[in-house]
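Residue numbers (the working numbering): 460 to 598.
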């Protein structure tokens with residue numbers, strides 16, 4: 460479910476006319492005043508991934524890497540792997556094995572949905588490239 464945040468009256472996002480924001484507001488978001496939606500999303504993506512890496516246990520046995528592309532293209536095996544790793548009953552996940560729900564996004568999960576905004580992603584590569592590289596994405 461989306462959480463809405465009222466934006467300050469003097470805060471502007473290029474190409475966005477809304478008065479509220481329904482995605483995360485990472486630390487330092489106020490400094491993004493005047494940025495495009497894609498620039499704000501790129502900062503969010505980079506920061507959230509950096510925080511996840513920072514807070515991961517150092518013991519690799521306590522960490523399971525799940526790639527979005529794998530989860531969105533074939534969720535069944537990935538959900539089974541998650542259940543095994545976490546020692547959970549996989550049965551409650553069965554309803555998601557064929558089709559993932561749409562959660563906190565405007566579009567359905569898809570392994571290649573980034574291609575719809577490929578040109579805009581190219582514009583924000585300087586913001587995300589170091590983290591994308593660390594995650595194994597060619598940049």
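Using N, Cα and C, we set each Cβ at its ideal position, and we do this for glycine too. Owing to the predicted nature of the structure, the values given are computational and were not obtained by experimental measurement.
For this session: Could you spell out where the alpha helix (DSSP H) holding residue 504 opens and where it closes?
Result: Here the question's residue 504 lines up with position 45 in the chain shown. Segment 496–514, the alpha helix (DSSP H) holding residue 504.
Problem set entry | Supposed contact pair residue 508 and residue 577 - C-beta distance, whole angstroms, cut 8 Å | Along the chain shown, read from residue 1 onward, the residue named residue 577 stands at position 118. Along the chain shown, read from residue 1 onward, the residue named residue 508 stands at position 49. Their Cβ separation, rounded to whole angstroms, is 19 Å, which puts residue 577 and residue 508 out of contact at 8 Å.
For this session: With a 10 Å radius around its C-beta and 16 neighbouring C-beta atoms as the bar for buried, classify residue 501 as buried or exposed.
Result: Looking up residue 501 in the chain shown gives position 42. By the 10 Å Cβ count, residue 501 comes out buried.
Problem set entry | With 16 other Cβ atoms within 10 Å as the buried cut-off, status of residue 584 | Here residue 584 corresponds to residue number 125 of the chain shown, with the count starting at 1. Exposed.
For this session: Answer yes or no: do residue 570 and residue 531 have a C-beta to C-beta separation smaller than 8 Å?
Result: Residue mapping note: residue 570 aligns to position 111 of the chain shown, counting from 1. Residue mapping note: residue 531 aligns to position 72 of the chain shown, counting from 1. In contact: residue 570 and residue 531 (Cβ atoms closer than 8 Å).
Problem set entry | Bridge partners - residue 473, DSSP secondary structure assignment | Numbered from 1 along the chain shown, position 14 holds the residue referred to as residue 473. In the DSSP output, where bridge partners are listed per residue, residue 473 has 495.
Problem set entry | Exposure of residue 537, with buried meaning 16 or more beta-carbon neighbours within 10 Å | Within the chain shown, numbered from 1, the residue matching residue 537 stands at position 78. Looking at its Cβ environment, which holds 16 or more other Cβ atoms inside 10 Å, residue 537 is buried.
Exercise. Whole-angstrom Cβ separation of residue 475 and residue 496, contact assumed at under 8 Å?
Worked result: The residue given as residue 475 occupies position 16 in the chain shown. The residue given as residue 496 occupies position 37 in the chain shown. Right, their Cβ atoms sit about 5 Å apart.
For this session: Have a look at residue 505 and residue 527 and give me their C-alpha separation to the nearest angstrom.
Result: As a first step, residue 505 is located in the chain shown; it is residue number 46 there, counting from the start. As a first step, residue 527 is located in the chain shown; it is residue number 68 there, counting from the start. Taking the straight line joining both Cα atoms gives about 15 Å.
For this session: Whole angstroms is fine: what's the gap from residue 534's alpha carbon to residue 557's?
Result: What you label residue 534 is simply residue 75 of the chain shown in a count that begins at 1. What you label residue 557 is simply residue 98 of the chain shown in a count that begins at 1. Roughly 7 Å between the two C-alpha positions.
Problem set entry | Counterpart residues of residue 570 in DSSP-defined beta bridges | The residue labelled residue 570 in the question sits at position 111 within the chain shown. In DSSP, residue 570 forms no bridge with anything.
Problem set entry | Coarse secondary structure for residue 465, derived from DSSP in three states | Taking the first residue of the chain shown as position 1, residue 465 is located at position 6. Here residue 465 sits in strand by DSSP.
Problem set entry | Counted within 10 angstroms of its Cβ, other Cβ atoms place residue 587 as buried (16 or more) or exposed | To locate residue 587, count along the chain shown from 1; it is residue 128. Flag for residue 587 reads buried.
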